[in-house]
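Notes to accompany the following structure.
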Amino acid sequence: MIRIEILEVPLPSVREHLADYENLFVVCDRHVSGLAETLKLPAAGWKVIDANEERKTMETVLEIQRWLMNAGADRDAFLLGIGGGVTTDLTGFTASIYKRGIRFGFLPTTLLAQVDASIGGKNGVNLDDFKNMIGVIRQPEMTFLCPEVLETLPYRQFLSGAAELLKTFLIDNTDGHYEKAVDLLGQIHAATDPAAAIRSQTIPLRNLIAAAARIKAGVVQRDPDERGERRILNLGHTFAHAIEKHSAGKIPHGEAVAIGIVLAARLSEAEGLARHGLAGQLTEDFQRCGLPVTCPCPVRELSEAMKKDKKAEGSFIHFVLPIEIGHVEIRNLSPEAVILALK
Ligand SMILES: NC(=O)c1ccc[n+]([C@@H]2O[C@H](COP(=O)([O-])OP(=O)(O)OC[C@H]3O[C@@H](n4cnc5c(N)ncnc54)[C@H](O)[C@@H]3O)[C@@H](O)[C@H]2O)c1
Ligand SMILES: [Zn+2]
2 MIRIEILEVP
12 LPSVREHLAD
22 YENLFVVCDR
32 HVSGLAETLK
42 LPAAGWKVID
52 ANEERKTMET
62 VLEIQRWLMN
72 AGADRDAFLL
82 GIGGGVTTDL
92 TGFTASIYKR
102 GIRFGFLPTT
112 LLAQVDASIG
122 GKNGVNLDDF
132 KNMIGVIRQP
142 EMTFLCPEVL
152 ETLPYRQFLS
162 GAAELLKTFL
172 IDNTDGHYEK
182 AVDLLGQIHA
192 ATDPAAAIRS
202 QTIPLRNLIA
212 AAARIKAGVV
222 QRDPDERGER
232 RILNLGHTFA
242 HAIEKHSAGK
252 IPHGEAVAIG
262 IVLAARLSEA
272 EGLARHGLAG
282 QLTEDFQRCG
292 LPVTCPCPVR
302 ELSEAMKKDK
312 KAEGSFIHFV
322 LPIEIGHVEI
332 RNLSPEAVIL
342 ALK
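Take 2 as the starting number for the sequence shown in this note's numbering and just add one per residue.
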């Protein structure tokens with residue numbers, strides 16, 4: 002079984018964990034470059050990048066590769082990516098192909114990257130308008146989870162990650178984390194200063210983040226190449242990708258996921274799978290957490306985009322449907338049947 006190492010540590014301890022790494026190179030998102038002072042890593046090189054979807058390309062990968070080469074990074078170099086999902090995807094991919102693969106690790110600095118992007122070994126970049134077209138599956142040596150880095154994260158970015166956090170607990174709610182997450186996110190959202198509320202809730206937040214990261218890691222360990230079980234992590238995503246496309250990028254990924262999960266629950270009820278009322282409950286919970294729940298267009302307008310989704314096989318799409326909180330199932334449905342059910 003593949004090994005996925007998740008280390009929940011206070012920021013200053015990251016240095017101790019990396020003390021013996023002689024050839025340490027760091028790629029860091031400009032928005033968190035101030036972390037260099039707190040971390041005081043024994044790095045041989047430190048490269049600051051502008052992390053955004055437009056820069057998540059082969060050009061940036063090559064730029065990092067040239068920087069590594071010029072800095073003398075050899076096969077035993079270790080590359081640490083510090084930033085959100087754009088940075089961890091870029092770093093993981095660069096490390097995977099530099100000199101046929103060097104070791105790498107992540108210090109994710111967005112909630113989305115902590116619970117999702119930095120876990121699971123999918124690393125890659127965009128090609129033209131197509132997201133994550135080029136990439137590999139290769140696991141980081143470790144992922145550091147340090148919730149204090151979220152203190153500077155804009156609240157809207159935090160919400161995007163919150164949707165993925167809730168998604169994870171809808172897949173596996175063994176320890177009742179879903180209810181705890183709704184309570185905590187609800188409190189943060191109701192606070193006059195959400196950023197201050199996030200700071201005051203570091204410990205319960207850290208526990209939820211670690212739980213979600215470990216649930217994802219467990220799924221990935223059982224199915225690293227996404228041949229079966231790993232697909233459940235796509236809950237809400239077929240709708241979400243179509244909504245993101247339809248809104249021409251105006252609706253951020255996490256918010257589209259929240260809407261997509263509610264649609265999946267409605268579909269599941271219509272198919273007679275979920276208990277009656279599940280979609281209504283999720284709608285209330287998500288709204289309490291500050292997440293959107295209403296599809297910005299008639300569902301039939303999502304049909305074309307859904308057909309192009311990578312989860313489509315022939316005229317059927319693999320839909321992940323919530324059955325109950327903590328339990329999902331996959332069904333193959335045609336977009337036409339979905340639209341009819343959601344009328
Ligand atoms: N590999 C995977 O399995 C996987 C899974 C989900 C998403 N992703 C990828 O992750 C990316 C989205 O991740 P994201 O939402 O973290 O995006 P991101 O990396 O673009 O970060 C969002 C924004 O927040 C800024 N930022 C990051 N940390 C900050 C902090 N602590 N304080 C202030 N600003 C901060 C970034 O500079 C950026 O402007 C997408 O490219 C997506 O494809 C990958
Ligand atoms: Zn997602």
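All C-beta atoms, glycine included, are put in the ideal place defined by N, C-alpha and C.
By the C-beta density criterion, E270 is buried, having at least 16 other C-beta atoms within 10 angstroms. Taking 7 Å as the cut-off, the C-beta of Q66 does not count as close to any heavy atom of ligand 1.
Annotated three-state conformation of M307 is helix, per DSSP.
For G85, the closest of S14, L112 and L292 by C-alpha to C-alpha distance is L112. Judged by DSSP secondary structure, R76 falls outside any beta strand (DSSP E); it is assigned neither H nor E. Separation of the CB atoms of F131 and A74 is rounded to 29 Å, and the pair is thereby denied contact status at 8 Å.
Pairing L236 with K181 gives a Cβ-Cβ distance that is not under 8 Å.
Each residue's CA atom was taken as its position, placing L160 and T39 some 26 Å apart. Apart from sequence neighbours up to five positions away, the residues of its chain that approach L186 with a beta-carbon distance below 6 Å are A163 and C290, ordered along the chain. Between I189 and Q202 the beta-carbon gap is near 7 Å, inside 8 Å, which marks them as a contact. For I331, the enclosing beta strand (DSSP E) begins and ends at H328 to L334.
Between the region 4-11 and the region 62-73 there are fewer than three inter-stretch CB-CB distances shorter than 8 Å, so the stretches are not counted as touching. Secondary structure at K344: coil, using DSSP grouped into helix, strand and coil. The closest heavy atom of ligand 1 lies less than 7 Å from the beta carbon of P155.
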